[in-house]
Amino acid sequence: MIELRDVSVKLGANRVIGSLSASVASGEWVGLLGPNGAGKTTLLRAIAGLVRYSGSIAVEGRSIAGSSRREVARMIALVPQKPETPAELTVAEYVLLGRTPHIAYLAAESRDDRVAAERAMRRLGLRDFAHRPLGSLSGGELQRAVLARALAQEAPVLLLDEPTSALDLGRQQQALELVDELRRDHTLTVVSAMHDVSLAGQYADRLLLLDAGEVVADGVATDVLSEERISALYGASVRIVRENGSVFVLPKRT
Amino acid sequence: MTEIRARGLPGGWGVAMLAVLVGSLLLGLAIGPVSTGVWPIASSALSHLGLGIHSRLGATDSDIVWQLRAPRVLLAALVGGMLAIAGSAYQGSFRNPLVDPYLLGTAAGAGLGATLAITESLPSGLLPVAAFVGASVAVALAYVLGRTVGGVHSTATLILAGVTVTAFMTAVQTFVQQRHQATLQEVYSFILGGFSSATWHDVWISAPYIGASSVVILLHRRVLDVLSLGDEEASSLGIDVRRTRLIIVVAATVGTAAAVSVSGLIAFVGIIVPHTVRLLVSTSYRAIVPLALVLGGAFLVLTDILARTIMSPAELPIGVVTAFFGAPFFAVVLRTTRRLG
Numbered sequence: 069m070i071e072l073r074d075v076s077v078k079l080g081a082n083r084v085i086g087s088l089s090a091s092v093a094s095g096e097w098v099g100l101l102g103p104n105g106a107g108k109t110t111l112l113r114a115i116a117g118l119v120r121y122s123g124s125i126a127v128e129g130r131s132i133a134g135s136s137r138r139e140v141a142r143m144i145a146l147v148p149q150k151p152e153t154p155a156e157l158t159v160a161e162y163v164l165l166g167r168t169p170h171i172a173y174l175a176a177e178s179r180d181d182r183v184a185a186e187r188a189m190r191r192l193g194l195r196d197f198a199h200r201p202l203g204s205l206s207g208g209e210l211q212r213a214v215l216a217r218a219l220a221q222e223a224p225v226l227l228l229d230e231p232t233s234a235l236d237l238g239r240q241q242q243a244l245e246l247v248d249e250l251r252r253d254h255t256l257t258v259v260s261a262m263h264d265v266s267l268a269g270q271y272a273d274r275l276l277l278l279d280a281g282e283v284v285a286d287g288v289a290t291d292v293l294s295e296e297r298i299s300a301l302y303g304a305s306v307r308i309v310r311e312n313g314s315v316f317v318l319p320k321r322t
Numbered sequence: 007m008t009e010i011r012a013r014g015l016p017g018g019w020g021v022a023m024l025a026v027l028v029g030s031l032l033l034g035l036a037i038g039p040v041s042t043g044v045w046p047i048a049s050s051a052l053s054h055l056g057l058g059i060h061s062r063l064g065a066t067d068s069d070i071v072w073q074l075r076a077p078r079v080l081l082a083a084l085v086g087g088m089l090a091i092a093g094s095a096y097q098g099s100f101r102n103p104l105v106d107p108y109l110l111g112t113a114a115g116a117g118l119g120a121t122l123a124i125t126e127s128l129p130s131g132l133l134p135v136a137a138f139v140g141a142s143v144a145v146a147l148a149y150v151l152g153r154t155v156g157g158v159h160s161t162a163t164l165i166l167a168g169v170t171v172t173a174f175m176t177a178v179q180t181f182v183q184q185r186h187q188a189t190l191q192e193v194y195s196f197i198l199g200g201f202s203s204a205t206w207h208d209v210w211i212s213a214p215y216i217g218a219s220s221v222v223i224l225l226h227r228r229v230l231d232v233l234s235l236g237d238e239e240a241s242s243l244g245i246d247v248r249r250t251r252l253i254i255v256v257a258a259t260v261g262t263a264a265a266v267s268v269s270g271l272i273a274f275v276g277i278i279v280p281h282t283v284r285l286l287v288s289t290s291y292r293a294i295v296p297l298a299l300v301l302g303g304a305f306l307v308l309t310d311i312l313a314r315t316i317m318s319p320a321e322l323p324i325g326v327v328t329a330f331f332g333a334p335f336f337a338v339v340l341r342t343t344r345r346l347g
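If you read the sequences in order, they're chains A and B.
For the first sequence, the numbering used here gives the first residue as 69, with consecutive numbering after it.
For the second sequence, the numbering used here gives the first residue as 7, with consecutive numbering after it.
Below, the structure written as structure tokens:
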């Protein structure tokens with residue numbers, strides 16, 4: 069479980085996150101929504117211990133600020149929006165890099181690490197791609213390789229920054245289904261920043277709406293997604309369609 | 007089912023490049039105004055190793071080979087290996103394929119330090135220290151300048167910063183050199199670079215620094231692959247990026263300074279050799295780092311042979327030979343890097 073209390077982040081002179089408190093239960097999937105610049109990415113980076121923050125962030129009761137980089141990396145796997153994927157690296161090598169928090173600083177990976185990497189690749193249907201260079205993969209395959217690396221990290225918390233932004237409609241759904249399966253199989257706690265409000269509402273258990281670094285709504289999609297709120301938050305004109313417990317947010321030209 | 011593993015260092019390439027190194031060492035020992043042939047030298051070398059093999063080298067030849075040529079050849083191997091492994095370390099830690107000890111200003115800084123040590127008549131034991139101080143100042147300047155202008159991962163910016171620092175350091179070095187007429191000859195021949203005056207003393211004073219620096223870089227070869235994912239992702243994988251980069255850069259700088267202090271300024275080895283390994287073998291630092299060390303040694307031994315035989319009995323400065331091959335090679339690397347974006 070992730071507990072954020074009075075978290076503030078300043079980047080230079082700008083206060084990007086202001087006094088934010090929230091919690092995420094173990095095994096829960098929370099979607100972060102908000103316009104560009106609302107602080108979604110910064111919040112994820114703060115949870116992963118990559119930016120200085122004031123206040124407290126704890127995962128399973130352990131403070132992020134008080135843990136070493138390696139300890140944080142064993143608790144939290146982060147998939148950035150645009151992961152660095154060196155073209156010549158093979159899928160196997162790339163996924164093995166995910167084992168870094170479990171490998172002593174100057175050591176080579178052990179058999180256990182190779183087994184874990186193989187398990188992650190198999191889980192994501194990449195076993196036959198093991199020796200393919202990353203540069204030869206399609207967008208969807210690359211996305212799975214990145215997820216495999218995060219899974220190989222064997223951290224209980226998975227942070228995803230816009231996991232579907234580079235994918236077409238079908239691949240977006242497949243990727244999110246996959247994340248959901250992984251979450252259930254491995255009891256992962258997932259926090260994902262998302263652009264697509266409808267998809268976020270359908271996959272995440274709960275939505276956290278951010279504006280200018282503050283939480284403006286927190287709850288299940290059917291409760292928090294309303295036409296007024298979306299138009300206020302994004303400055304967009306939308307129509308909301310509710311069907312079988314799902315909420316669809318449709319952009320509408322005025 | 008094959009097991010999942012990183013390609014690492016392909017054994018075949020390791021053996022092949024070691025063979026090239028041993029071959030070039032033997033060639034370096036055998037070639038010179040006095041012809042001795044390779045096999046007598048091999049037998050003499052093996053007898054020195056106490057393998058119970060009788061040396062077939064005469065006493066005079068033995069002196070020529072072991073007192074004149076051997077330190078020269080070994081020093082070239084040490085310096086070449088060091089410049090190449092330092093090049094790969096800088097390239098990996100700055101995530102920039104075009105940096106090398108020379109282009110970053112490290113070598114020029116070491117040259118300035120060494121020049122000051124000579125002109126100020128410091129004890130010769132302090133020359134490597136002075137070279138290291140100069141080299142560190144240069145790297146720090148290039149890094150800070152590159153970062154303030156446009157980020158160190160921008161290939162062009164860091165190179166331009168390095169060029170700027172090199173130009174400045176070289177200007178100061180030339181000024182100091184010209185102000186001290188008495189040591190002009192000594193400084194000039196030092197800066198030109200080369201192994202013509204190499205002694206066993208040079209080998210013994212540089213070997214510990216070069217050895218220690220190489221070991222530190224070799225130990226970081228997997229970490230260098232993690233760094234290729236960028237600072238943010240390497241951090242999220244549990245690497246303390248700033249500390250790691252500092253360790254690697256300090257190691258490379260110490261080794262470079264030691265190499266420069268015994269050989270002068272020899273350009274392009276740190277670019278040519280790691281890139282040759284990248285093109286031939288693998289882009290993983292697990293392969294690049296150890297193979298650059300071995301191939302760099304062989305490369306500089308062979309270059310030194312060229313430098314002393316092409317215009318024999320006159321010698322070409324070895325820096326001229328490496329630049330002659332290195333500059334076109336650099337142009338090719340620059341082109342491919344640009345194409346990759």
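Glycine included, every Cβ here is placed at the ideal spot set by N, Cα and C.
Assuming residue i and residue j form a contact by the criterion Cβ under 8 Å, report the distance between their Cβ atoms to the nearest whole angstrom.
i, j, result
"I216(B)", "A257(B)", "Between A257(B) and I216(B) the Cβ distance is about 11 Å, and since that is not below 8 Å, they are no contact."
"Y162(A)", "R217(A)", "6 Å"
"V265(A)", "V317(A)", "4 Å"
"A223(A)", "V159(A)", "Between V159(A) and A223(A) the Cβ distance is about 20 Å, and since that is not below 8 Å, they are no contact."
"G199(B)", "L109(B)", "G199(B) to L109(B), Cβ: 16 Å. No contact."
"V255(B)", "V145(B)", "6 Å"
"T172(B)", "G270(B)", "15 Å between Cβ atoms; not a contact."
"A267(B)", "P134(B)", "One detail in the question is off: residue 267(B) reads as Ser in this sequence, not Ala. Correct: roughly 4 Å between the Cβ atoms."
"T42(B)", "A36(B)", "6 Å"
"V71(B)", "L164(B)", "Actually they do not touch by this definition, with Cβ atoms about 43 Å apart."
"I272(B)", "T328(B)", "6 Å"
"L233(B)", "S99(B)", "6 Å"
"R137(A)", "S241(B)", "6 Å"
At a CB-CB cut-off below 7 Å, which residues of chain B make contact with residue i?
i, result
"R138(A)", "G244"
"L118(A)", "E238, S241 and S242"
"L165(A)", "D231, V232, L235 and L243"
"T332(A)", "What is shown of chain A runs 69 to 322, which leaves residue 332(A) out entirely."
"A141(A)", "S242, L243 and G244"
"P151(A)", "E239"
When you measure from the CB of residue i to every non-hydrogen atom of the ligand HEM, does any distance come out below 7 Å?
i, result
"V327(B)", "This structure simply doesn't include the ligand HEM, nor any ligand for that matter."
Can you tell which of the options has its C-alpha closest to the C-alpha of residue i?
i, options, result
"V260(B)", "A65(B), I197(B), G93(B) and D246(B)", "G93(B)"
"L202(A)", "R73(A), L210(A) and R195(A)", "L210(A)"
"W19(B)", "V327(B), L301(B), P323(B) and D67(B)", "L301(B)"
"T176(B)", "H186(B), I197(B) and E192(B)", "I197(B)"
"M23(B)", "G64(B), T42(B) and G87(B)", "G87(B)"
"S89(A)", "L250(A), I115(A), A184(A) and Q270(A)", "I115(A)"
"I85(A)", "A234(A), R120(A) and D291(A)", "R120(A)"
"P103(A)", "K320(A), A289(A), I308(A) and E282(A)", "E282(A)"
"G95(A)", "S294(A), L226(A) and D291(A)", "L226(A)"
"A188(A)", "A81(A), P151(A), H254(A) and K150(A)", "H254(A)"
"F335(B)", "L243(B), Q73(B) and V275(B)", "V275(B)"
"L132(B)", "S212(B), L340(B), L235(B) and L286(B)", "S212(B)"
"A337(B)", "P103(B), I59(B) and R227(B)", "P103(B)"
"V92(A)", "I125(A), R252(A) and R190(A)", "I125(A)"
"G17(B)", "L312(B), Q187(B) and S288(B)", "S288(B)"
"G238(A)", "V75(A), G208(A) and L157(A)", "G208(A)"
"T290(A)", "E296(A), S299(A) and V315(A)", "V315(A)"
Residues of chain A with a CB under 8 Å from the CB of residue i: which are they?
i, result
"H226(B)", "L174"
"T289(B)", "P154, E156 and L157"
Please list the partners that residue i has in chain B, where partner means a Cβ-to-Cβ separation under 8 Å.
i, result
"A114(A)", "What A114(A) touches in chain B: nothing, since even the nearest Cβ is about 12 Å away."
Residues of chain B with a CB under 9 Å from the CB of residue i: which are they?
i, result
"P148(A)", "G236, E238, E239 and S242"
| Where are the beta strand (DSSP E) runs, 3 residues long or more, that stay fully inside the segment 70 to 108 of chain A, in chain order? | 70 to 79, 82 to 92 and 97 to 101
| field | beta strand (DSSP E) segments (min. 3 residues) lying fully within the segment 263 to 290 of chain A | value | 274 to 279 and 282 to 287
| Three or more C-beta pairs closer than 8 Å, one from the segment 274 to 294 of chain A and one from the segment 104 to 117 of chain A: is that the case here? | yes
| request: Let me know the alpha helix (DSSP H) ranges lying completely inside the segment 232 to 283 of chain B, each 4 residues or longer, listed in chain order. | output: 237 to 242 and 247 to 269
| task | Report the residue ranges of all alpha helix (DSSP H) runs contained in full by the segment 276 to 323 of chain B; include only those spanning at least 4 residues, in chain order. | result | 291 to 315
| task | For the segment 26 to 40 of chain B and the segment 292 to 305 of chain B, state whether three or more C-beta atom pairs, one from each stretch, are separated by less than 8 Å. | result | yes
| request: Check whether the segment 174 to 186 of chain B touches the segment 120 to 138 of chain B, counting contact only when three or more Cβ pairs, one atom from each stretch, lie closer than 8 Å. | output: yes
| said: Under 8 Å: do the segment 138 to 148 of chain A and the segment 167 to 179 of chain A share three or more Cβ pairs, one atom per stretch? | reply: yes
| With a cut-off of 8 Å, do at least 3 Cβ pairs link the segment 93 to 108 of chain A to the segment 259 to 273 of chain A? | yes
| Stretch pair the segment 277 to 291 of chain B + the segment 39 to 54 of chain B: three plus CB contacts closer than 8 Å | no
| said: Just to confirm the assignment: which complete alpha helix (DSSP H) runs, minimum length 4, are found wholly within the segment 82 to 164 of chain B? | reply: 112 to 125 and 133 to 156
| Segment contact, 8 Å Cβ cut-off, at least three pairs: the segment 72 to 83 of chain B with the segment 203 to 220 of chain B | yes
| message | Under 8 Å, with one C-beta from each stretch per pair, do the segment 93 to 107 of chain B and the segment 210 to 230 of chain B reach the 3-pair mark? | response | yes
| task | Can you check the segment 16 to 68 of chain B for any alpha helix (DSSP H) of at least 4 residues that lies completely inside it and give the ranges in chain order? | result | 17 to 36 and 44 to 54
| field | Stretch pair the segment 234 to 249 of chain B + the segment 311 to 322 of chain B: three plus CB contacts closer than 8 Å | value | no
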